[in-house]
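Numbering (this note's numbering), first residue to last: 1490 to 1619.
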């Protein structure tokens, strides 16, 4: 019997705790809702006052926009060319130096001095006899 009475007492205490919590949270929620509502009303009042103050400015701007004369003036400028193409020339490579070197190297009559230079250079016209 004591266990049943103790169980009922614990259930009543738990129920009272949850009921108190529920009532407290509802009161807090109501208080926050009132604060938010009053802030919203004040913001709307300020917005209306600002709109009323800006009405003459908006009307003046609308009148000035109606008086604007729009003119389009084309601006022509020469495009600066940074890159120019070279004239296309037929492919005629210059092998003259290579040919001179080749001829000197293959000529049997070519003589070299002690430094390794060719002394007999028929292509350059500088021939010496050793």
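We treat Cβ as the ideally placed atom computed from N, Cα and C, and that holds for glycine.
Please read all numbers here as calculations on a predicted model, not as lab measurements.
Three-state class that DSSP yields for residue i in the structure shown
i	result
residue 1579	coil
residue 1584	coil
residue 1566	coil
residue 1507	helix
residue 1574	coil
residue 1540	helix
residue 1557	coil
Any C-beta of chain B under 8 Å from that of residue i
i	result
residue 1517	Although the question refers to chain B, the structure presented lacks it and comprises just one protein chain.
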